[in-house]
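Residue numbers (my numbering): 233 to 371.
Here a beta-carbon is modelled for each residue, glycine too, at the ideal position from N, C-alpha and C.
Heads up, the thing below is written out as structure tokens.
See the structure below:
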């Protein structure tokens, strides 16, 4: 069993196989369960919550206010282009059905992908841009 040293691993959890041969019985043999400890490796782009995947997308303030398309590279290397037609506010998220992890009871079905947004504000604005923003947003 590897130690997982040098890897970004999540909490461990026991997994018991439900196979009859896992606990052999016989003379002078005490039946016992075999327990595997599985460590989930954290993914650089996604966080898993049960069968759903969570993705956080940085987005500039201008795009958050004026709609955009978000590109998400999936675990199986497909590129999804997700249209965002709403104003993105700090609590906004987009649910993409069927793009999460396969369901254990039916691997043909998947959980959902939830896209959350990290709105990037500008660090400075020229006086002209400030006037334009005041005019557009405050009148």
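For residue i, three-class secondary structure by DSSP
i           : result
residue 259 : coil
residue 336 : coil
residue 301 : strand
residue 295 : helix
residue 324 : coil
residue 274 : coil
residue 280 : strand
Supposed close pair residue i, residue j - CB separation, criterion 8 Å
i           : j           : result
residue 328 : residue 344 : 6 Å
residue 381 : residue 297 : It is not possible to answer for residue 381, since the shown part of the chain is limited to 233 through 371.
residue 277 : residue 287 : 6 Å
Residue of the options minimising C-alpha distance to residue i
i           : options            : result
residue 275 : 333, 303, 294, 266 : 333
residue 348 : 316, 370, 266, 338 : 316
residue 303 : 297, 311, 296      : 311
residue 336 : 283, 270, 262      : 283
residue 321 : 338, 342, 295, 269 : 295
Enclosing beta strand (DSSP E) for residue i [first to last residue]
i           : result
residue 290 : 284-292
residue 315 : 311-316
residue 345 : 345-352
Other residues of its chain near residue i: CB distance less than 7 Å, five sequence neighbours each side excluded
i           : result
residue 239 : For residue 239, the predicted structure reports a pLDDT of 49, less than 50, and the residue's modelled location is therefore unreliable. A value from the coordinates is still provided. Same-chain partners within the cutoff: 273.
residue 290 : 350, 352
residue 306 : 312, 331
Where the alpha helix (DSSP H) containing residue i begins and where it ends
i           : result
residue 369 : 359-370
Cβ-based neighbour list, residue i, same chain, cut-off 8 Å, excluding 5 preceding and 5 following
i           : result
residue 301 : 313, 314, 315, 316
residue 325 : 346, 347, 348, 349
Proximity test, residue i beta-carbon vs the ligand MN heavy atom, cut-off 7 Å
i           : result
residue 366 : Summarising the ligand content, the structure contains no ligands, and the ligand MN is consequently not present.
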